Structures are given as structure tokens and as C-alpha cells.
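FYI, the numbering for the sequence shown is 30 to 356, going by my numbering.
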Amino acid sequence: MSESVLQLRDFRVSFPTMNGTVQAVRGVDLDVGEGEMVGVVGESGSGKSVTFLGLMGLLPKTTVIEGSATVGGDELVGRTSKQMRSVRGKRIAMIFQDPLSALNPVHKIGRQIVEMLQAHQTISKQDAHNRAVELLDIVGIPQPDQRAMQYPHEFSGGMRQRVMIAMAIANEPEVLIADEPTTALDVTVQAQILEVMQRIQHELRTAIVLITHDLGVVARVVDRVQVMYAGRAVERGSVDDLFSEQSHPYTRGLLESLPALGKDRLVPIPGSPPNMLQPPPGCAFAPRCPHARPVCTLEMPELRPFGNGETACVRAEELVEEGVVSV
Ligand SMILES: Nc1ncnc2c1ncn2[C@@H]1O[C@H](COP(=O)(O)OP(=O)(O)O)[C@@H](O)[C@H]1O
Ligand SMILES: [Mg+2]
Numbered sequence: 030m031s032e033s034v035l036q037l038r039d040f041r042v043s044f045p046t047m048n049g050t051v052q053a054v055r056g057v058d059l060d061v062g063e064g065e066m067v068g069v070v071g072e073s074g075s076g077k078s079v080t081f082l083g084l085m086g087l088l089p090k091t092t093v094i095e096g097s098a099t100v101g102g103d104e105l106v107g108r109t110s111k112q113m114r115s116v117r118g119k120r121i122a123m124i125f126q127d128p129l130s131a132l133n134p135v136h137k138i139g140r141q142i143v144e145m146l147q148a149h150q151t152i153s154k155q156d157a158h159n160r161a162v163e164l165l166d167i168v169g170i171p172q173p174d175q176r177a178m179q180y181p182h183e184f185s186g187g188m189r190q191r192v193m194i195a196m197a198i199a200n201e202p203e204v205l206i207a208d209e210p211t212t213a214l215d216v217t218v219q220a221q222i223l224e225v226m227q228r229i230q231h232e233l234r235t236a237i238v239l240i241t242h243d244l245g246v247v248a249r250v251v252d253r254v255q256v257m258y259a260g261r262a263v264e265r266g267s268v269d270d271l272f273s274e275q276s277h278p279y280t281r282g283l284l285e286s287l288p289a290l291g292k293d294r295l296v297p298i299p300g301s302p303p304n305m306l307q308p309p310p311g312c313a314f315a316p317r318c319p320h321a322r323p324v325c326t327l328e329m330p331e332l333r334p335f336g337n338g339e340t341a342c343v344r345a346e347e348l349v350e351e352g353v354v355s356v
């Protein structure tokens, strides 16, 4: 693997509240190399968004962020909000599920990209405008010179997400975080947006994190997958390995709840994620896991090599013997 452009080590995010501390992210490691796309998947509430909002400096001031998150070797944890403003949009950019909320409704699309460029570069208005049109073209917006003169409401949902991607890559960031970028879009448009992201990955060599609750989305585009549950990584590996052999019962549960596997009935994982004010001791998935044994609750499991990837299931070898999982 090439050297990590984005690297997380024992990354933690917690929110002090009136009822106690919500331990949303509890020690996550992640590596994303240049030109690599990594999927971060997990049910709603597993800490996906909070991990990346946290390292971008986009969470409330009272949030406690610990551990390490580096971009190109430079530490982000501990920076002031002013220091983060010069990093965001320049070295690391993020796009979201709802592009409309991130666009200014009263400014033309072209102007918003120009402002993004001028926020981080010394560039003339004319050059910035030309670059904005070029960026709209890169993300596949037809007649980009005319579209640049239009307002967000004149764009469809898919076209708006393309605009968000254009803004995100405007300053050629090393890292692009896409948080459920296709969740609000219909399947055809979803595929188009994923194609745009792949083009950016390959042509601009951007390190991309694709966050999604939908394993079907990552299956199509990412190189590697990191599965999250209750603020921890429970499994990671190449996308092909993960779909052919899941070492962790949680990942297995996620796959079985996928509609696209030729089954006519979805099998959601029974139960619900833990209360992060008091995460369970040991494996957080144990209370919902059909294969849990007392050993699972003794200590918090770390990722360790297993098969071609890594697992946090302490019973992975036994589950192979029992025929529950295959490697
Ligand atoms: N500002 C906040 N204060 C307290 N808890 C929060 C806050 N933001 C998020 N959380 C909690 O953090 C956990 C992780 O949320 P999130 O990262 O949004 O999950 P997802 O994996 O769906 O993106 C959830 O339990 C959520 O309720
Ligand atoms: Mg989220």
C-alpha cells in the first residue's frame, strides 16, 4: 500500500452531555493512501459521520477529540478553529448527503466555486471563473459555462451533488470525505455520482473516504472497506474478501440485510445499537450477536489479522470451525 495520506490512530470523539459522556468514537485506526478509495460502513449511529466531522473540526466546541488524525503527515488534532479553516477545503474536503443545505441559494453556482477557489488561492476573478467552468466540466455537468451562471434551485439533486464535488476538489485537496453522498439519490444517479468519484480518485489521485450505511454502494467502487460498530472498527479488508468471507458476525448481519443478494426478504440484524453513554464492556456487538459467549464481554477486542483482512471478533477461529464463517 502507498503511504497513507489520511491516517487515524486511536482516534476518539466524545460529547459531554447533561446525562454523562457520549463516547461516539472509541479508538479508530484508518489508513487511506493516495489514489485509494476506502469505504467506511456501518448502521446508523455507529460513529461514521462523527469520526470525520471531528477530524475536520466541524463538531461543537465542547466536543472532546483525542488520538491522532494526520493529513500528509500533519496532525489535525489539537488545532484551533482558525487553523482548521485553512486546512478545510484546501487539504481535506467533505461532501454530504444533502447538497442543497451546503449551497447558498441566492448565489450563482459559478460564483460559489469562485469563492471557494479565492478562499485558499491567490487567483484573479477571471481565472477563478474559468477554473470553475473547468471544474463543472470535470464532474460531468453539460454546458458548464451556462450552468455556472445558474442558481442551485435550477439544478437537479444529482447535478447539485456534482457541484458539491466540484467545490470539494476545487483546491485539489489530498483527501475527500464523502458522507452518504448518494443516499438521497435514485439508483441511476447514484451510479453516475460514484463514477465521478472514481474518476477523481484515478485522475487526481485523491485519497477518498466513502461513508455509507449501504454495503451495496461500497461494493461497486471502493478498494478496501472498514466496518464500524459502536464507535469502533470491527472488521476491515479488501472489498472482494469482505463480500466472499465475513469474519465478524456484525458484517455478516449487514450483508444479510442487503436487498440485492437475490433474496426476496430482508433480514435486519435483531436488536439495536448500544447506548453510547454506557457502551457494553468487551465486544459492543455481543448483546446482539447469536454467536456470543462469555469470552466476548471480557475485554474490548482490537482488530487483528485474520484471513486476508483483519477482524475484531475474538471467536473468529471458532466460528470457522463451527462452520458459521468461512475463510
Ligand atoms: N452533538 C452530539 N452530542 C451527543 N451525541 C452525539 C452528537 N452528535 C452525534 N452524537 C452521537 O454519536 C453517535 C454516532 O453518530 P454518527 O457518527 O452521526 O453516526 P453515523 O454512523 O450514522 O454517521 C450517535 O450515537 C449519535 O447519537
Ligand atoms: Mg452519518
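C-beta: ideal position from N, C-alpha, C; glycine also.
Everything numeric in this text was worked out from a predicted model, so none of it was measured.
Would you identify the three-state DSSP class for residue i, choosing helix, strand or coil?
i	result
residue 75	coil
residue 168	coil
residue 110	helix
residue 266	strand
residue 162	helix
residue 228	helix
residue 329	coil
residue 335	strand
residue 30	Residue placement at residue 30 is poorly supported in this model, since its pLDDT is 48, which falls under 50; the coordinates still yield a value, given next. Residue state, collapsed to three classes: coil.
Thinking C-alpha only, which one of the options is nearest residue i?
i	options	result
residue 150	217, 115, 184 and 134	115
residue 136	159, 178 and 104	178
residue 38	317, 105, 89 and 274	105
residue 213	225, 243 and 201	243
residue 270	247, 313 and 298	247
residue 240	230, 132, 255 and 234	255
residue 259	89, 92 and 316	316
residue 174	139, 187, 232 and 147	139
Along the chain, where does the beta strand (DSSP E) that runs through residue i open and close?
i	result
residue 173	No beta strand (DSSP E) holds residue 173; the alpha helix (DSSP H) holding it covers 173–176.
residue 99	93–100
residue 258	253–258
residue 46	33–46
residue 55	49–62
How many Å lie between residue i and residue j at the Cα?
i	j	result
residue 81	residue 75	12 Å
residue 62	residue 83	20 Å
residue 208	residue 285	23 Å
residue 30	residue 249	No answer about residue 30 holds up, because its pLDDT of 48 lies below 50 and its placement is not dependable.
residue 311	residue 245	29 Å
residue 144	residue 164	13 Å
residue 273	residue 251	15 Å
residue 52	residue 158	44 Å
residue 168	residue 220	13 Å
What are the boundary residues of the alpha helix (DSSP H) that includes residue i?
i	result
residue 194	186–198
residue 367	The chain is shown from 30 up to 356; residue 367 falls before or after that span and cannot be answered.
residue 345	345–350
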